[in-house]
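Reviewing the structure listed below.
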Amino acid sequence: MAYRKLNRDTKERRSILSGLTKTVLTNGSVKTTEERAKEVRKFVDKMITYGKKGDLVSRRQALAFLENDTETVKYVFNELAPKYADRQGGYTRIVKLTERRGDDALIVILELV
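Under numbering that gives the first Met the number 0, think of the first position of the sequence shown as 0, with each following residue one higher.
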């Protein structure tokens, strides 16, 4: 699977993606660059899919990625997963906003559908 490195080493990249994923899952949306949003979308969808499975292995995989944030994992498994039970994927949407002044990076909102 191809992925973006986001000009970061592995630990920094994993931390950024984990943090953005937690923010989207708990708040429902996050404002970030288009490249980061496209990469985070994969992980948000994966966490909700883990929640829909609901077994112990899925819970542990979600905990491992979300850096042992038990509150977020409980929220995903108990509230978000039932909400998306009849949906077969595509739990997020990207809304384009504007370009950032300093480097012309496209700023978007990544939100749950």
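Positions of the beta carbon are idealized from the N, C-alpha and C atoms, including for glycine.
When beta bridges are read from the DSSP output, Ser28 appears opposite Glu110.
The shortest C-alpha to C-alpha distance from Lys41 to any of Arg100, Ile93, Asp85, Asp103 is the one to Ile93. Ranked by how close their Cα comes to the Cα of Lys95, the residues Lys30, Arg13, Leu16, Thr20 have Lys30 in first place. For Thr69, same chain residues with a beta-carbon under 8 Å away, outside a window of 5 residues either side, are Leu62 in chain order. In the structure shown, Lys4 falls within a coil segment according to DSSP collapsed to helix, strand and coil.
Under the DSSP assignment, Glu34 falls in the alpha helix (DSSP H) whose first and last residues are 33–52. Arg92 has Glu110 as its beta-bridge partners, per DSSP. Within the same chain, and ignoring the five residues on either side of Ala104 in sequence, the residues whose Cβ sits closer than 6 Å to its Cβ are Thr32.
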